[in-house]
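Trainee: Per our numbering, residue 3 is the first one in the sequence shown, and the count goes up by one each step. Sharing a structure below in structure tokens format, with a few things to ask.
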Amino acid sequence: MSARASEGYDIMPGNNNFYVFDENENNIMSVADYQTSSTRSNGVVSGIADSQLHNRLYKQLSMMVTALGQIIADSGLDASDGSLSDLVSALKSTLVTKSSSGVTPVDQGGTGASSFTSNAVLTGNGTSSIVAKATADGAAYATTANGPLQFGTLPAAQGGTGQTSLQAARNAMGLGNTTGALPVENGGTGQTTLTANALLKGNGTSGVAAGPVLGSSTTTYLRNDGQWVAPANTTYTFTGGTNKFTVTPAGGTATDVAITPSITNNITGSGTRTSGYIAKFSGQNTITNGPAIGTSTTTFLRNDGSWATPAGTYSLPTMSTSTRGGAKLASDTAQSVAANTVSSTASRTYAIQKNSSEQLVVNVPWTDTITGTTYNAGSAPANTNFGTNGSIKNVYDSIGTKLNRTDNLTASNTSYTTYMARSIAAGTTDMTDGSSTLTSGAIYLYYEA
């Protein structure tokens, strides 16, 4: 352990032999992946270890250890893995460094003081001991930047009034030294109460006065004299005329209002307007056909009177072999059967196409590969269907017909006639006529052993 001149003063740097693991980050997991890693969250399980994850773990641990070791070294002690007790002692000495008086100085992370006044406000004082300012009646403020803390009446320069009473504060701010309502001349209303729902009206330098009170009437209006009244002559009659219209109030005198410029024969057009067109003015008093109204849902009426697709309007193209786009489904019915799991089996991947209705389809060239299977009599699997036309059953039926069998070949058929099929048996056992049971219609052959 290196020598130290004195606790907290003139410290010579010590040694630190702790180093960061995988400092160059050649094979390491990113911090973002490490943060979301389930192995980091749940711990290591059986299996092959992830080298990148463990490199991140070792680096973080070793970096923290190296940092603590450097703090120890900077305080004049040695940080080494040679002795656990020496390392613990050095760490304790570093974290609880004290001055010769037994108080940790400010430059060692302490306060430089052994006690503080109760409820005092603590303020910094450079490298000197923290200053404790006892609280007092009033606001806490400082009159200069980084100046000492003071308590008392907040001066106007610091955002206060510099006064200790409301009256004095009003007077200091030019609002009138009064305990009553703030006068109009000082920006107030001059009133201590106002009539509910009343309109306010000025009254010179005196307090504002209450005007007419708002009510629920929908037929009265505020007249110039401040009264709610129903206006006279509120009903008017409008009469059209040539280049004018006439306004006649109820019980009053008719007044002509001229229309400028004049419109001859009202607004007309040359002939009947064509159905399905937007009408437009042509000249002062003629309507003509504008652009025709169609069925497009993607075009809009442009300033030049034509239908156009606005620039920048996106239209989903139909997908093709060279264009990414949209297509249709063959059905909107939800499929209740779960999809097969993803596989990489060869010769089972088929491309998607679209049909003439722009629906996505897949043509799967399935082939019956169950061929060349032979079944002995009575040995076919249960529920085996040999089909109808061109099937094995029809072959048997055809054979039966050729042999003049009227009921075809069946295992239970024992009716035999001329030219029909016969069962043939052969053996070395002597068959004595009348002593052996023989099957009707069968042919038996005997030969010497």
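A virtual CB, placed ideally from N, CA and C, is assigned to each residue, including glycine. Values in this document were obtained by computation on a predicted structure and should not be read as measured data.
So Ile289 is in the beta strand (DSSP E); what residue range does that whole segment cover?
Mentor: Here the question's residue 289 lines up with position 287 in the sequence shown. Unbroken beta strand (DSSP E) run through Ile289: 289-294.
Trainee: Measure from the alpha carbon of Asn28 to the alpha carbon of each residue in Ser53, Tyr36, Pro15, Ser131, then state which is nearest.
Mentor: Looking up residue 28 in the sequence shown gives position 26. For Asn28, the nearest C-alpha among the options comes from Ser53.
Trainee: Grouping DSSP H, G and I as helix and E and B as strand, with all else coil, what is Asn267?
Mentor: Locating residue 267 in the sequence shown gives position 265, where the first residue counts as 1. Confidence at Asn267 is low in this model, with a pLDDT of 46, below 50, so the placement of that residue should be treated as unreliable; the coordinate-derived value is given next. Coil.
Trainee: CB-CB under 8 Å to Asn121, same chain, minus the five flanking residues each way: which ones, in chain order?
Mentor: Translated into the one-based positions of the sequence shown, residue 121 becomes position 119. Within the same chain, Asn121 has close Cβ partners Ala136, Thr137.
Trainee: Once DSSP output is grouped into helix, strand and coil, what is the label at Asp88?
Mentor: The residue you call residue 88 lines up with position 86 of the sequence shown. Helix.
Trainee: Measuring straight from C-alpha to C-alpha, what distance separates Tyr279 and Gln361?
Mentor: Translated into positions along the sequence shown, residue 279 becomes position 277. Translated into positions along the sequence shown, residue 361 becomes position 359. Take the alpha-carbon of Tyr279 and the one of Gln361: they are about 36 Å apart.
Trainee: Quick one: what's Phe302 bridged to in DSSP?
Mentor: Counted from its first residue, the sequence shown places residue 302 at position 300. Note: Phe302 sits in a beta bridge opposite Ala310.
Trainee: Within the same chain, show all residues whose beta-carbon is closer than 8 Å to that of Ala183, passing over the 5 residues directly before and after it, in chain order.
Mentor: As a first step, residue 183 must be located in the sequence shown, where it is residue number 181. Counting only Cβ-Cβ distances below 8 Å, and skipping sequence neighbours, we find Gly190, Thr191, Gly192, Gln193, Thr194, Gly209.
Trainee: Any idea if Asp258 is buried or exposed, counting beta-carbon neighbours within 10 angstroms, 16 or more meaning buried?
Mentor: Here residue 258 refers to the residue found at position 256 when the sequence shown is read from its first residue. By the 16-neighbour rule on beta-carbons within 10 angstroms, Asp258 is exposed.
Trainee: Report the partner residues of Asp334 according to the DSSP bridge assignment.
Mentor: As a position in the sequence shown, residue 334 is number 332, starting the count at 1. DSSP lists no partner for Asp334.
Trainee: In this structure, does DSSP put Val366 in helix, strand or coil?
Mentor: As a working mapping, residue 366 is identified with position 364 in the sequence shown. The answer is coil: DSSP assigns Val366 none of H, G, I, E or B.
Trainee: Please say whether Gly327 and Thr320 have beta carbons closer to each other than 8 Å?
Mentor: The residue labelled residue 320 in the question sits at position 318 within the sequence shown. The residue labelled residue 327 in the question sits at position 325 within the sequence shown. Yes; because the gap between Cβ atoms is below 8 Å, this pair is in contact.
Trainee: Counting only the same chain and skipping the five closest in sequence on each side, list residues whose C-beta sits under 6 Å from that of Lys203.
Mentor: For this step, residue 203 is matched to residue 201 along the sequence shown. Contacts found: Ala211, Gly213.
Trainee: Let's see if you can read the secondary structure: which residues bound the beta strand (DSSP E) around Gly213?
Mentor: Here the question's residue 213 lines up with position 211 in the sequence shown. 211-215 is the extent of the beta strand (DSSP E) around Gly213.
Trainee: Tell me the DSSP secondary structure of Asn226 in three-state form.
Mentor: Counting from one through the sequence shown, the residue named residue 226 turns up at place 224. DSSP places Asn226 in coil when its eight states are reduced to three.
Trainee: Per DSSP, Phe458 forms a beta bridge with which residues?
Mentor: Outside the shown range of the chain (3 to 451) lies residue 458, about which nothing can therefore be said.
Trainee: My guess is that Gly307 and Pro293 are in contact by the Cβ rule of under 8 Å, so how many angstroms apart are they, rounded?
Mentor: The residue you call residue 307 lines up with position 305 of the sequence shown. The residue you call residue 293 lines up with position 291 of the sequence shown. Indeed they touch by this definition, with Cβ atoms about 6 Å apart.
Trainee: Compare the Cα-Cα distances from Thr290 to each of Phe302, Thr300, Ser298, Ser277 and report the closest residue.
Mentor: Counting from one through the sequence shown, the residue named residue 290 turns up at place 288. Thr290 has its Cα closest to that of Ser277, out of Phe302, Thr300, Ser298, Ser277.
Trainee: If you count every other CB in all the chains shown that lies within 10 Å of the CB of Phe247, and 16 or more means buried, which is it?
Mentor: To locate residue 247, count along the sequence shown from 1; it is residue 245. Flag for Phe247 reads exposed.
Trainee: Can you tell me whether DSSP reads Ala341 as helix, strand or coil?
Mentor: As a working note, residue 341 is residue 339 in the sequence shown. The answer is coil: DSSP assigns Ala341 none of H, G, I, E or B.
Trainee: Between Val186, Leu97, Ala159, which has its C-alpha nearest Thr145's C-alpha?
Mentor: Here the question's residue 145 lines up with position 143 in the sequence shown. Per the Cα distances, Ala159.
Trainee: Taking C-alpha atoms, which residue in Asn17, Gly71, Leu59, Ser298 lies nearest to Ile30?
Mentor: If you number the sequence shown from 1, residue 30 lands on position 28. Nearest C-alpha to Ile30: Leu59.
Trainee: Once the 5 residues before and after Gln165 are set aside, which same chain residues still bring their CB inside 6 Å of it?
Mentor: Indexing the sequence shown from 1 puts residue 165 at position 163. If we look at Gln165 and ignore the five residues flanking it on each side, its Cβ neighbours are Ala171, Ala174.
Trainee: Going by other Cβ atoms of all chains shown within 10 Å of its Cβ, with 16 needed for buried, is Thr266 buried or exposed?
Mentor: Indexing the sequence shown from 1 puts residue 266 at position 264. The pLDDT assigned to Thr266 is 48, lower than 50, so where the model puts this residue is not dependable; a value taken from the coordinates is nonetheless given after this. The residue in question, Thr266, is exposed, as its Cβ has fewer than 16 Cβ neighbours within 10 Å.
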